[in-house]
Structure formats: structure tokens, C-alpha cells
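Respectively, the protein sequence lines represent chains P and Y. Take 390 as the starting number for the first sequence in this note's numbering and just add one per residue. Take 7 as the starting number for the second sequence in this note's numbering and just add one per residue. One structure is given below, encoded as C-alpha cells.
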Amino acid sequence: MTETIHSAASLWLALSVLTIPLFSALVCFVISEKFAWLSPMVSSLLLFITFICSAFLFFQVGDSHALTYSWPWFSVNENIIRASLLLDKHGLIMVMVVSLVSFLVHLYSIGYMAEDQALIRYFGMLGFFTFAMLGLVMSSNLLILFCFWELVGFSSYRLIGHWYEKQEAAKASTKAFLINRVGDLGFLIGLMILWSWLGNLDITYLNLETIPTFWLTTAGVCIFIGVIGKSAQFPLFHWLPDAMEGPTPVSALIHAATMVAAGVFLLIRIESLFTENTLVIISVTGTITAITGAIGALFQYDIKKILAYSTISQLGFMVMAIGAGAAQGGFLHLLHHAFFKAGLFLGAGAIIHAMHQAYHHQEGNVDVQDIRNLGDLRKKIPITFITFMICSAALAGLPFTSGFVSKELILTQMNEWSGNAFSWKWLVILGAWVVTLLTPVYTFRMVWFIFFAKSKHNVEMVEVPIVMRLSMFVISMSSLALLITFKPFHILTIINVLMSLYPNTSHLITLLSTLILLIALVSAFFMYKNYELKDQNKFLTPNLYLDWLSDYAFKLVLQFAILVHWFDRKVIDKIINGLTYLQVGIAHVTGWSDRYLVDGVVNGMAYSAKGIGSVTRSLANGKIQSYLLWAMAGLLIFILWILY
Amino acid sequence: MNDPLQHIFESVSLLIPEVIITASLIITILLGLILKTNKHVILKTLALASYGLAIFIVLHHLPTTSTLLFGGMIRIDEFSSYFKFLFLTGGILGVWISGPQKENSSAEYFLLFHAVILGSCLLASSMNFIMVILSLELISLSSYLLTGFGFNKKSAEGSLKYFLFGTVATACMIYGISIIYGIAGTLDFSSELFLKNLIALSSPLLLIAGLFTLAGFLFKITAVPFHLWAPDVYESAPTPVVAFISVVPKLAGIAVLTKFTLAIHLFGQSGYNWQVILSVISLLSILIGNLSAIAQTNPKRMLAYSSVAQSGFLLVGLVAFGMDGIHFMLFYSTVFLVMNFLVFNALNQFENSYGELGIQSLAGLGTLSIIPSLAILIGFVSLTGLPPTAGFTAKLFIFGSLWGAYQQSGELILLVLFVIGLLNTVISLFFYLKIPYYLFIKEKKETANSIKSDVAGNLLSLILVIVLFYLFISPDKLMGWINKITFVL
């Protein structure tokens, strides 16, 4: 009895968590222009409520067991597709993270977007995105998950192109959308393979034994292609740096904390689906992505692009971890990354905002996102500096930060996975170590040039509004390992659950990684101490030739499209035109026959009716004698007709 | 039977509606002699009051069993009571739309109305050929006179034509009846003797006699081939009279025709298929009526032919030869009464304002006299048999029963009648919508005066339109009443 009530309450909580952001979006879309200024407040409040609900939901379900709710949705050939919610440990933590980050981003946006002209659209899409993301996390059916997956992509497209007047933003949003479609195609094919073998796409009821290994591998790889698109893995990652054209809070929420992490989350959700071969592909792809992302981040000047490449690198790191048997660590890193990367983006946004405000009063056009134009900001905007530093420390993996904990876990688990004998796995591990070496370097470079290096420009700066500082503060605090791992609070379920994710890490690994970290930081310090940032290296172009490659691919596609177009115009159109002429001809014939045959028959009937009528009418000529004659004649005709 | 006088008294006590009409008739004569002024108003009121009272009594004393009166001359049953209700309603409507007459002819006018209604009531309930002839002649003679109430040459001519034609028809009928009497040895066509003797002698003589007898009834209902008088008479007679005689005597004729055909049909044991004969008559009536109506330029002549066609449709219900068919025929009769009066009332209003009319001269009057025009439109839509009017429902019912009869008997002629009847609905559109077309679409030629406002006429139109719509929306009330009627010969 208690159990059902408990479950029903959970269900209602889950549904309200799902629907409140949607409601927020609706409110934003129906609110009139006059009250547009209200929408930030209202939607932030609604998102706060969502977060509270998700926290309650988390405490209610706790780490006890996964809850599922399902309703029949529609049926295909007796296979009932069920719409279902899956509330398990991973999902609930993710729900909490998504709603918290979303709330903080909403709050932050109140300040950041204060002067924007399209507040309603912005907050509406933000709410809609949150709804879609939560739906993605909670859904238990892969088909529904795919629907939300698409919705997430759509809202990402809308938000990247929020300032669509800017050509770059419009282009970037289109690019992100198109590249994601390539991945989604793979996802869809994977789902079709699964459907044809299983007739069921519910994650909790996947009976994988019935699928031949080859098809299972193919399905896994296809779904992983979807992940590659969404989580910006090699080779489909170059949309993410471009997506930085969107508003910075959007980058924080979607392109750092949640949406891009959805791919990683999906990998964890359907971990059981992956065969060994799939896992190899996953881990290798992750490693390549992690290293290329880190290298890319080393040579960027745009503060947001650095963070974007860093995100690619970190996502690759997680994917690699999952592929290399460190799914637990990967998930933990996903959570931590969500916070510290969102914090970094919010900090970057704060820097941009503050710089923008400062330069607003000055002549000239300075790119405030370029780290070459920044420097010496630590005293001007101290709170932003502190929060940024904490998050950077987490990114670099300094001890006592969340990033350190999850990095250790991943490295330990991967170490166990690789075994003692030398194999290709060692290469993956080497890649992981390379990434742990490169990450502090580029982090240091970024922080150094923003906050410590001498500034070329000397401007008066003011701290960003309180709402922005508040959300930055909250988010950076959650990146501190102290708050997450501090034992005395373990009476709280949240700590318990999180603690269960932290197994003992190897001391050797800890030592080693700390050593590498130290080497990296020291070498970076000496490297960049007196370093003048010059124009970018010709060899290491920002997008690592991928733009060139994709341009080439696009050109190929374009050529093909031109060919198809030619074929369409010259052959198909000709045929269609021919058919049209034929149809017009037939129409003329039918029109003629209608006018002369059908109408003729009708007219003929009318005329003959009139003619017969004139005969029958002529009987009534006014002479009573003839009337009587005809009546009697009629009677006689009757008699004769009946008799004979 | 032991005491004939007693029996007659008892019989009279069951004939209160007829007694009321008779009393009213006598009072009308007396008042006509006594009154010097306001004759018309007083006599109109008297007529309306007596009809109203009679309707009340008919409805209040609906017979549940059939009772033979006057030694088998008359039978009071549900069937005849329903027809009495229709006649009296027709009487009220006819009197309602009757305009003031000349002072010295007012009494005679209403007197003849009374007589027609009295004759119709008796005809509907008569069970004996003598009674049939008497009441039919009462109707006929009164009608001849009524059609002459235009008091002009044309009207007199029409009246005379009506009289001559009617006399021949009656002569035929009496001739036929005399032969039947000779064969059957009885004039009571419901008696077993009648049945037995007719079955025993199945000779062509019986057919000839039957057809000659039919002639009188067909004349009354203006069915082919005894329809030829209708256009001339309708055209020349005063419009209220036309409205009246196109409904009440016709329905009386239908009532007696129903009885007669069921009698002569001999429960299917007749040597001749009267169903086929009636089908052919119905078919020809519909066809000739509609086709002749197309090219008419006088609205009343057109309505005369329309009336011929409507008789054909009424006969369709009879052709089905079943209780259902008779029920639907009763429904059709009711709707026919309403829609016919609706059209004639509006036409009467036009005539009162503009004088004698051709269809062309109605051009563009629709906007000037919106209520009669709308009434005439709705009336014609209903006569055509289109939704949303009761005319549609009635046609639907009656053709439904015909289809049922066809499926039962498989007679080809029924199918032909079915198809021709439906086709004629389309043909009838041509002429029925001609008047509304002239009223609403055509431009008017010269500046015409607005119609005289006629509150009573407009009120009547409104009521009749409401009834038409009501019977379309829920025919079940009326059908519920009609369905209770059991008709046994």
C-alpha cells in the first residue's frame, strides 16, 4: 500500500518536473509584448520549482530501485509501443543536474539578456529545451527518447540562431542542425535494426540475446553515430565551436552542461547494448576526440572557442572512459563537467558582459572575446575571477575539486580494464594521460591571459549584476570536491548516492596524475609567462582542417546536388510536363464531352420534356368537349390495355 | 336494428362533428337572410368556430373501435377520423384566406364551404356505394358553385367546365357502380357478400365496372386521365377556393379511393391486378402533371398541373397496398395540405396586391414583399421534396414504402414508378423554382408598389412554415399518431 502511494507520488512529481518547463515555455509564448519583461522572472521561478520538484523526486526514489511507469501509446502489428518513464539512479541525478543548471542559467540570463529584444523567444526556447532535455533523460523507450533527442536538437538550433540577424549565428545554427542530422540518421538506423529484431524499444525490456552479434554491433555503432553528432565527437565535432555564436548562457546550458552530454548519457543508458567491437570503436573515437579537442583548445584565442574545444575534449574523455570500461567514472565526470564547464561559460559570459559594458562607452571596436585583448582582470572583477578560478581548477583536475575525483576514478578504472599485457588498450590509456597533461596546460593558458597577463587596454570595469554573480557562485561551489565528498553530510541521501559512485582509487594513479598535473602547470607557467600571443598558427588552424574537410564534403554533396537538380530539371520535369500536357488534353476532351454530350443529354431531356409537355398540355385547349373525349379515350385505353 | 329510430339517434350521437357542420350550415343560411351588415366577418367567425369545435370533438373522441352507423352506411373509425381532422383543418385554412365577398353572396360562399366539408367527412366514412355517390355529389355540386365565385365570365366558364366534366365523371362512376351492384348484389362494399360474389365472378365486366367507378374518384383527385378540367378551373376560380378545392375534395377522393381499391382488390384474390392499374395511373399523373407544368406561365395553371403530379405521389402510397403505405399516404396528405395552403396563401397575397398575375410579372417582387416570397419559396421547396422541409420527409416515406412493396412483389411497374417518381423530383425543380427565381433573381421591370401588409396572411404563412420545418425535424410525433391507425375494410 505504502509502496503504491509512494510510487504515485513519484509519478506525479516526475510528471510535474517534466511539464513545468514546458509550461514555462508556453507562458513565454502566450505572454503579450507588454508583459515581456515578466517572462524572465516567471520562467526562472518556474525552473526553480522544477528543481525543487526534482530534488524531492530524488529523495523520494533515492537509491532504492528504478521506477518505471508506462502507458500504451500505439500499436504496430500487435507490438504495443509504450510511452514510459524510467526513474533510476543515473536518470534522477541527471534530472537534478539538468534542472539545477537550467535554473541557474535562467537566473543568470535575467542579467545577461536584460537588454535583448527577444526575451520571450529566448526564455521560451530555454524552457522548451529544458523540457526536451528532461524528457530525454526520463524516457525509457528509445523511440520517445529519440523524439526528445530531436526536440533538443531543434531548440539548440533555435537558440544558437537566437541572434539570427548576425550572419555567423544563422550559419552556425544551420551547420549545427545539419551535422546533427547526419548523426541522427545513424541513430535512426540503429533504432530500426533494434526494432526489426526485437519489436520493442523499451530500454528496460531489451532482450538482447535474440540478436545476432553482427546486427547488435551494427545497431550499437549506428546509435553511437548519433552520439557522435550530438556530443560533438570526432569527426562530427566542428559544429560545436561555431555554436558559440549563440548567447553565452545558452552555450553554458546546452553546449557544455546538458545537451552535448546527452550523448554520453545515452551511452550509459544503453551500455548493455554494446558489444566488444562497439566498445573499441567508442573508446578509440573518444580518445581521438579528447586529444584533438585539447590540442584545438591550446591554439584558440576566442575565450568561448577555447571552452568549446575544451568541451569537445572533455566529452571525448568521457566517451573514451565509457568505451574503456569506466562507465561509472564517465558518468561522474559528466556530472562534474556539467557544473564546472557551465561555471566556466557563465564566467566567460560575465567577462564578456563586463568588458562589453566597459567598452560600450569607448570608441573603437574591440573583440571582447579575444583573450589577446584581455588581461589583468583579477582585481577588476574579483568575484568572477574567484568563481572562474574554481571552475578552471576543476577542469584542470586540481585536487579538492570535483574534476580531480572523477578523473582519478576514470584513470583507475581504465587501468584495471587495460590489464597487464600490452595491447591496443595501452594506446587508449596513453591518450587519456596525454589529455590529463594537455588539459591543465590550456586551462592555465586561458586563465593566465585573462586574469594575470598585462592588459593592452586599460578600462574601468564593473562587476556583473547580482543575479549573474549568484548563479556563478552556486555553480562554482558545486565544483568543489569538498561539497560533494565531505563525509559528515552523508546522512543526506544525495551524498549517499553520490558516494556510491566513488570507489577507492588507486594511490599510485593519484600520485601519478598529481605529478603530471604539476609538470603541466609548471611547464605552462614558464611557457606562457612572458609569452606574447601572436596571430594564430597557420599550421594549427582553428578547426584542425575539419572545416576544410567538411567544406570539401559539402562541395562534393553540392556537385551531386547540382547533378540531381539537372536530372530533375531535364528528365523528371520533362516527364511531368508531358504528363501535364496529357492531362490538359484529357481535360479538354472531357470538357468538350461534358459540354456537348452530357449537357447535350440534359438539354435534350429538357427539350423533350418540354416537347412532351406541350403535347400533354395541348390536350387542355379550353374546349370541354375535347377534354371529355380525351378522358373517355384514356379510360378506354386503360380498359383495352388491361384486357389485352 | 329492432328499433330503427333508436339506431338513427344513436348514430347521430356519434356524428357530432358532422352535426355541428350541418348546424353551422343551417345557421349560415339563416344569418345570411337576417344579417344586413358585417355578414362576412360574422359568418367567417362562425365557420372558423364551428370547424374549430368540430376538430376539437374529432380529436377528443378519437374512436378506438370502428362503429357502423345508419345500417352500415357510415363507419366511424380512426382512418375516417384522421381524414375528418384534415378536412376541417383545410376548411379552417381555406376560410382563413378567404377575402371579403360581395355582401349578398357571402352567406352562400360559406354555406358551400360547409357543404364541401360535410360531404368530405361523410365520404371519408362512407361504407356504402349509395353513401359514396351522395356525399361525392354533395362535394361536387358545392365545388362547381364555389369555382364560379369570381363572378366574371372566366370564372363562370370554369365553373361550367368543371360541372360538365364532373357530371360525365359521375355518370361513369354511377354506371360502374350499377354494374358492380348487379354482380355483387349489395352496395355495401365491406360486406362478405360483396367479397364472395366478386371473387366468384371474375370477368372483364368487373374490370370495366371497376375502372368506370374509378373515373369518378380520379376526377375528384385530378388524376390522369380525369385531370383535364384542373388547369382551366384553377386558373379561373378565386384563389382561396382553388386552395380549398385542390386539397379537401382531393383528400376526400383519396380516402374513398383507398377504400374502393382495397374493396375491389378483394384481398389480392381479384382476377385483375389493381396494383398495376393504380401504379400506371400514379405514374402517368406524375409524369403528365410535371411535364405539362414546365412551360406554364400562369402560376395557378402551373399549380393545377403540380396538383395532378401531387395526386400521383399520393397514389404511390396507395400503390404499396399495405398498412405502411397507407400510413405514409396519410402523412403525405397532411404535408400536402400544409404546403399547398402555404403556396396558395402567398399567391393569394400577391393577387390581392397586384391583381391577376403571370409568372413573369412577379419579377423582382421578392424584396418588396419578403414574407410571402419566402413563404412561396419554402412551399415550393417542400413541394419539390427537398430538405429541410416536410415535403422531403413525406416523399422519403412514401417512396420508402414503395420500395418495400417492390421488394415484396417484384412487380416491374413498381420499380419503374419508383425511378420515374424520383426523376420527376428533378423535373419538378424546373417549374417549382421558377416563381422564386422570378421573385428573387430577376430584376423588376418597373417600380412596383409594395405589397399590402396582410397580418393574418403573414401569420398563417409563419405557422405553416413552422409546421413544415417541424414535421421535417421530428416527423415521429405525427407518425406516432398515424401509426396507431388500423385500417380494416
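Here a beta-carbon is modelled for each residue, glycine too, at the ideal position from N, C-alpha and C. Just so it is clear, the structure is predicted and the values come from calculations on it, not from any experiment.
List the residues of chain Y whose Cβ lies closer than 7 Å to the Cβ of residue i, in chain order.
i           : result
Tyr-996(P)  : Chain Y residues near Tyr-996(P): none, gap ~11 Å exceeds 7 Å.
Tyr-970(P)  : Simply none; closest approach about 37 Å.
Gly-989(P)  : Those within 7 Å of Gly-989(P) in chain Y number zero; the least Cβ separation is about 17 Å.
Leu-1017(P) : Phe-171 and Val-174
Lys-999(P)  : Ile-300 and Ala-301
Have a look at the DSSP bridge pairing and note the partners of residue i.
i          : result
Asp-194(Y) : Asn-134(Y)
Ile-80(Y)  : Leu-75(Y) and Ser-132(Y)
Ser-791(P) : Paired residue(s): none; Ser-791(P) is not in a bridge.
Tyr-458(P) : Leu-474(P)
Ser-528(P) : Leu-474(P)
Leu-869(P) : Thr-790(P)
Asp-591(P) : Asn-530(P)
Asp-691(P) : Asp-759(P)
Mind pulling the chain P residues with CB within less than 8 Å of residue i?
i          : result
Ala-221(Y) : Ala-1020 and Leu-1024
Leu-283(Y) : Inspection of the sequence shows that residue 283(Y) is occupied by Ile rather than by Leu. By Cβ distance, chain P contributes Phe-1027 and Ile-1031.
Val-230(Y) : Gly-1023
Ile-433(Y) : Ala-998
Ile-136(Y) : Those do not exist, as Ile-136(Y) stays about 23 Å from chain P at its closest Cβ, beyond 8 Å.
Leu-217(Y) : Leu-1024, Phe-1027, Ile-1028 and Ile-1031
Ile-214(Y) : Ile-1028
Can you list, in chain order, the residues of its chain whose CB lies under 7 Å from that of residue i, leaving out five sequence neighbours each side?
i          : result
Tyr-391(Y) : Just to set this straight, residue 391(Y) is Gly in the shown sequence, not Tyr. Hits under 7 Å: Gly-397, Phe-398, Lys-401 and Thr-431.
Leu-493(P) : Ser-860, Val-863 and Ile-864
Ile-48(Y)  : Leu-37 and Leu-41
Pro-69(Y)  : Ile-82, Asp-83, Glu-84 and Ser-87
Gly-718(P) : Ala-710, Ser-795, Leu-798, Ile-799 and Gln-802
Gly-524(P) : Leu-407 and Phe-537
Leu-363(Y) : Pro-305, Phe-356 and Glu-357
Using a Cβ-Cβ cut-off of 6 Å (strictly less than) and excluding sequence neighbours within five positions of residue i, which residues of its own chain qualify?
i           : result
Pro-854(P)  : Gly-500
Thr-874(P)  : Note on Thr-874(P): pLDDT 46, under 50, position unreliable in the model; the coordinate value appears next. Nothing listed; no residue qualifies.
Leu-605(P)  : Thr-664
Tyr-1016(P) : none
Leu-400(P)  : Tyr-458
Using a cut-off of 8 Å between C-beta atoms, extract the partners of residue i located in chain Y.
i           : result
Gly-1011(P) : Asp-238
Identify the contact partners of residue i in chain P, using a Cβ-Cβ distance below 7 Å as the criterion.
i          : result
Trp-235(Y) : Tyr-1016
Leu-75(Y)  : Near Leu-75(Y) there are no residues of chain P at all, since even the closest Cβ is about 33 Å away, more than 7 Å.
Ile-294(Y) : Thr-1005
Considering only residues of the same chain and omitting the five flanking positions on each side of residue i, which have a CB-CB separation below 8 Å?
i          : result
Leu-117(Y) : Leu-31, Thr-34, Ile-35 and Gly-38
Ser-807(P) : Ala-713, Lys-814, Trp-815, Val-817 and Ile-818
Could you list which residues in chain P have their beta carbon closer than 9 Å to that of residue i, in chain order?
i          : result
Pro-210(Y) : Ile-1028, Ile-1031 and Leu-1032
Ile-186(Y) : Chain P residues near Ile-186(Y): none, gap ~15 Å exceeds 9 Å.
Check your understanding: Of the residues that make up the segment 90-103 of chain Y, which ones have a beta carbon closer than 9 Å to any beta carbon in chain P?
Key -> So nothing in the stretch comes that close.
Check your understanding: Are the segment 150-159 of chain Y and the segment 203-211 of chain Y in contact at 8 Å, needing three or more beta carbon pairs?
Key -> Using a Cβ-Cβ distance cut-off of 8 Å, the segment 150-159 of chain Y and the segment 203-211 of chain Y are not in contact, since fewer than three pairs of beta carbons, one from each stretch, lie closer than that value.
**Study point:** Positions along the segment 268-281 of chain Y whose CB lies within less than 9 Å of some CB in chain P
**Key:** Here the close residues are Tyr-278 and Asn-279.
Review point. Quick one: any contact between the segment 246-263 of chain Y and the segment 177-194 of chain Y, if contact means 3 or more CB pairs under 8 Å?
Key: Counting C-beta pairs with one atom in each stretch, the segment 246-263 of chain Y and the segment 177-194 of chain Y have fewer than three that are closer than 8 Å, which means they do not touch.
**Study point:** Validate contact between the segment 522-534 of chain P and the segment 583-593 of chain P using beta carbons, cut 8 Å, 3 pairs
**Key:** Judged by pairs of C-beta atoms under 8 Å, the segment 522-534 of chain P touches the segment 583-593 of chain P, as three or more such pairs exist.
Check your understanding: If we count Cβ pairs, one from each stretch, closer than 8 Å, do we get three or more for the segment 637-656 of chain P versus the segment 737-748 of chain P?
Key -> The answer is yes - the segment 737-748 of chain P touches the segment 637-656 of chain P, with three or more Cβ pairs under 8 Å.
Exercise for review: Inspect the CB distances between the segment 624-633 of chain P and the segment 551-566 of chain P and report whether three or more fall short of 8 Å.
Suggested key: Output reads yes: the segment 551-566 of chain P touches the segment 624-633 of chain P.
**Study point:** Cβ-based contacts, 7 Å cut-off: residues of the segment 148-168 of chain Y near chain P
**Key:** Those residues of the segment 148-168 of chain Y placed with their C-beta closer than 7 Å to a C-beta in chain P are Lys-167, ordered along the chain.
Review point. Using Cβ-Cβ distances below 8 Å, what residues of the segment 378-401 of chain Y are close to chain P?
Key: Hits within the stretch: zero.
Review point. Quick check: the segment 407-427 of chain Y against the segment 351-364 of chain Y, are there 3 or more CB pairs under 8 Å?
Key: As far as the Cβ criterion goes, the segment 407-427 of chain Y does not touch the segment 351-364 of chain Y, which means the pair count is below three.
Check your understanding: Per the contact definition of three or more C-beta pairs closer than 8 Å, is the segment 371-381 of chain Y in contact with the segment 319-331 of chain Y?
Key -> Counting C-beta pairs with one atom in each stretch, the segment 319-331 of chain Y and the segment 371-381 of chain Y have fewer than three that are closer than 8 Å, which means they do not touch.
Practice item. Pair every Cβ in the segment 606-618 of chain P with every Cβ in the segment 661-668 of chain P, then say whether three or more of these pairs are closer than 8 Å. Key: Three or more beta-carbon pairs separated by less than 8 Å link the segment 606-618 of chain P to the segment 661-668 of chain P, which places the two stretches in contact.
Practice item. Answer yes if the segment 88-105 of chain Y comes into contact with the segment 227-240 of chain Y, meaning at least three C-beta pairs across the two stretches below 8 Å, and no otherwise. Key: Taking 8 Å as the limit for Cβ pairs, the verdict is that the segment 88-105 of chain Y does not touch the segment 227-240 of chain Y.
Check your understanding: Counting Cβ pairs, one atom from each stretch, are 3 or more of them under 8 Å apart for the segment 285-297 of chain Y and the segment 312-322 of chain Y?
Key -> Result yes; three or more Cβ-Cβ pairs closer than 8 Å.
**Study point:** Contact between the segment 588-599 of chain P and the segment 563-577 of chain P (3+ Cβ pairs under 8 Å)
**Key:** When C-beta atoms of the segment 588-599 of chain P are compared with those of the segment 563-577 of chain P, fewer than three pairs fall below 8 Å, so the two segments do not count as touching.
Exercise for review: Report yes or no: do the segment 681-700 of chain P and the segment 826-838 of chain P share at least 3 C-beta pairs separated by less than 8 Å?
Suggested key: Cβ pair count under 8 Å is three or more, so yes.
Practice item. Decide if the segment 332-346 of chain Y is in contact with the segment 282-292 of chain Y; the criterion is three or more beta carbon pairs, one per stretch, under 8 Å apart. Key: The segment 332-346 of chain Y makes no contact with the segment 282-292 of chain Y; the number of CB pairs closer than 8 Å stays below 3.
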